[in-house]
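Single-structure report; data block below.
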Amino acid sequence: MPTRPKVSIIGAGTVGTAAAHWIASLELADVVLTDIIEGLPQGKALDILQAGPIAGFDVRLAGSNDYAATADSDVVIVTAGIARKPGMTREQLIDTNAGIVRAVVAEVVRASPRAILLMLTNPLDAMTYLAYRVAGLPRARVIGQSGALDSTRFRTFLAMELGLSVEDVHGLVIGAHTDKDMVPLPRLATVRGIPVSHFLSQERLDAVVARTRRGGAEITELMKASGFTAAGAALCEMVEAILKDKKRVIPTCVYLEGEYGERDVCVGVPAVLGAGGLERIIEIPLDASEQAAFAASVAAVREMLPALKL
Ligand code: APR
Numbered sequence: 391m392p393t394r395p396k397v398s399i400i401g402a403g404t405v406g407t408a409a410a411h412w413i414a415s416l417e418l419a420d421v422v423l424t425d426i427i428e429g430l431p432q433g434k435a436l437d438i439l440q441a442g443p444i445a446g447f448d449v450r451l452a453g454s455n456d457y458a459a460t461a462d463s464d465v466v467i468v469t470a471g472i473a474r475k476p477g478m479t480r481e482q483l484i485d486t487n488a489g490i491v492r493a494v495v496a497e498v499v500r501a502s503p504r505a506i507l508l509m510l511t512n513p514l515d516a517m518t519y520l521a522y523r524v525a526g527l528p529r530a531r532v533i534g535q536s537g538a539l540d541s542t543r544f545r546t547f548l549a550m551e552l553g554l555s556v557e558d559v560h561g562l563v564i565g566a567h568t569d570k571d572m573v574p575l576p577r578l579a580t581v582r583g584i585p586v587s588h589f590l591s592q593e594r595l596d597a598v599v600a601r602t603r604r605g606g607a608e609i610t611e612l613m614k615a616s617g618f619t620a621a622g623a624a625l626c627e628m629v630e631a632i633l634k635d636k637k638r639v640i641p642t643c644v645y646l647e648g649e650y651g652e653r654d655v656c657v658g659v660p661a662v663l664g665a666g667g668l669e670r671i672i673e674i675p676l677d678a679s680e681q682a683a684f685a686a687s688v689a690a691v692r693e694m695l696p697a698l699k700l
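All the letters of the sequence shown, read from the start, carry residue numbers 391 to 700 under our numbering.
Right, here's the structure in full:
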């Protein structure tokens with residue numbers, strides 16, 4: 391009898407809990423939520439489980455403060471860290487979160503040596519790089535969520551501007567996971583294969599790109615806390631691609647070894663996700679302005695790396 395896959399989530403905060411909820415509701419895996427705060431992951435797990443009889447999902451979902459409960463996970467999502475407060479940049483988080491990520495990754499690898507690590511802690515690109523460097527795993531198994539969220543925001547805003555279904559609107563965002571340095575690619579965005587430029591003027595497209603860049607900040611300013619539902623859904627999309635070996639094309643933060651002319655850095659690029667984690671990087675030709683934006687984005691990530699003290 392095949393057993394159900396196991397996903398552990400380190401950090402039972404808002405994003406970790408949202409991811410657990412989405413994963414459980416799609417019955418993708420048994421889920422273990424962990425946190426350093428006693429009682430928090432246990433309570434969150436029970437709360438989600440009690441929606442099961444109504445929503446019609448049936449998986450094992452447990453909370454724990456102990457890594458033993460995460461043993462032999464197929465995928466481990468790392469959201470542990472402190473969240474960005476209004477007015478705070480993701481970069482300012484680096485010191486605190488680097489310490490947390492180092493400690494968490496060591497425990498995760500010990501408990502689940504076969505797992506694929508999916509990073510969420512910010513600053514995302516630097517934390518994914520740190521995790522890759524300290525985990526001692528192949529790059530295919532240490533990836534970060536950035537473009538999945540930025541792209542769903544891009545698609546949402548495009549669909550709102552177009553007055554068309556989000557289901558038919560596609561677009562991707564590559565580069566670093568910061569307001570300034572993400573690289574939305576409107577040139578490649580389509581409505582069911584029709585370029586969005588057929589529908590929208592350059593001015594309106596520029597406005598959508600600007601709103602996408604501030605997608606996280608807009609929410610934080612409104613509700614005085616970071617968003618979490620879409621971030622959880624983005625993690626779930628990546629987990630599903632891996633557990634179902636779907637070969638989905640999802641912009642993902644990965645360790646580059648010469649792709650896009652860059653090496654020894656983690657940043658968002660179009661990637662194929664399947665059972666092996668990162669299965670392929672898709673190198674698309676960028677035009678001159680996209681290439682310049684991507685290079686600036688990588689440079690911004692590189693600036694953060696010395697602070698990791700590797
Ligand atoms: N081990 C396990 N859990 C930890 C650890 C640790 N060493 N350190 C912190 N945590 C937990 C916190 O107790 C908290 O419950 O991580 C959780 C983070 O949750 P939130 O503060 O709600 O943050 P969230 O909005 O979910 O964001 C998750 O994404 O935006 C980034 O940097 C941000 O690290 C944050 C992450």
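Every residue gets a Cβ at the ideal spot worked out from N, C-alpha and C, and that includes glycine.
{"query": "Local conformation of Asp389 per DSSP, three classes", "result": "Look at the range of the chain in this structure, 391 to 700, and you will see that residue 389 is not part of it."}
{"query": "Contact set for Ala461: own chain, Cβ-Cβ below 8 Å, skip 5 residues either direction", "result": "Ala501 and Ser502"}
{"query": "Residues sharing a beta bridge with Met613, DSSP", "result": "Met613 pairs with nothing; no bridge assigned."}
{"query": "DSSP-derived helix/strand/coil call for Pro696", "result": "helix"}
{"query": "Heavy atom of the ligand APR within 7 Å of Leu510 beta-carbon", "result": "yes"}
{"query": "Length of the line joining the Cα atoms of Asp425 and Gly401", "result": "5 Å"}
{"query": "Contact the region 554-569 vs the region 666-673: 3+ CB pairs below 8 Å", "result": "no"}
{"query": "Gly673, DSSP secondary structure in three states", "result": "Sequence inspection shows Glu at residue 673; the Gly mentioned does not correspond to that position. Coil."}
{"query": "Per-residue DSSP class, three states only, for Val586", "result": "helix"}
{"query": "Any 3 or more C-beta pairs closer than 8 Å across the region 529-542 and the region 639-651", "result": "yes"}
{"query": "Straight-line Cα distance separating Thr393 from Arg450", "result": "12 Å"}
{"query": "Coarse secondary structure for Leu562, derived from DSSP in three states", "result": "coil"}
{"query": "Delimiting residues of the beta strand (DSSP E) encompassing Lys396", "result": "Lys396 to Ile400"}
{"query": "Whole-angstrom C-beta distance between Ala409 and Leu625, which should lie under 8 Å", "result": "4 Å"}
{"query": "Same chain, Cβ closer than 7 Å to Val573, neighbours up to 5 away in sequence not counted", "result": "Val563, Ile564, Gly565, Glu680, Ala683, Phe684 and Ser687"}
{"query": "Nearest-angstrom Cβ-Cβ length linking Met628 and Leu663, presumed shorter than 8 Å", "result": "6 Å"}
{"query": "Per DSSP, cross-strand counterpart(s) of Asp420", "result": "Lys396"}
{"query": "Selection from Val556, Ala516 and Glu673 that minimises the alpha carbon distance to Val491", "result": "Ala516"}
{"query": "Nearest residue (CA-CA) to Ala473, options Ser541, Thr610 and Glu630", "result": "Thr610"}
{"query": "Check whether Leu527 and Val405 have beta carbons under 8 Å apart", "result": "no"}
{"query": "CB contact flag (Val397, Ile467, <8 Å)", "result": "yes"}
{"query": "Residues that DSSP places opposite Thr580 in a beta bridge", "result": "His560 and Pro585"}
{"query": "Contact under 8 Å by Cβ, Leu695 with Tyr522", "result": "no"}
{"query": "For Asp425, three-class secondary structure by DSSP", "result": "coil"}
{"query": "CB of Ala459 within 8 Å of CB of Ala452, strictly", "result": "yes"}
{"query": "Which residues DSSP lists as bridging Arg638, in chain order", "result": "Leu663"}
{"query": "Per DSSP, the bridge partner or partners of Gly658", "result": "Gly565 and Cys643"}
{"query": "Buried versus exposed, by CB contacts within 10 Å (16 or more), Pro576", "result": "buried"}
{"query": "Pairwise C-alpha distance: Val499 and Thr542", "result": "30 Å"}
{"query": "Spatial neighbours of Gly442 in its chain, beta-carbon cut-off 7 Å, leaving aside the 5 residues before and after", "result": "Asp448"}
{"query": "Any non-hydrogen atom of the ligand APR within 7 Å of Ala493 CB", "result": "yes"}
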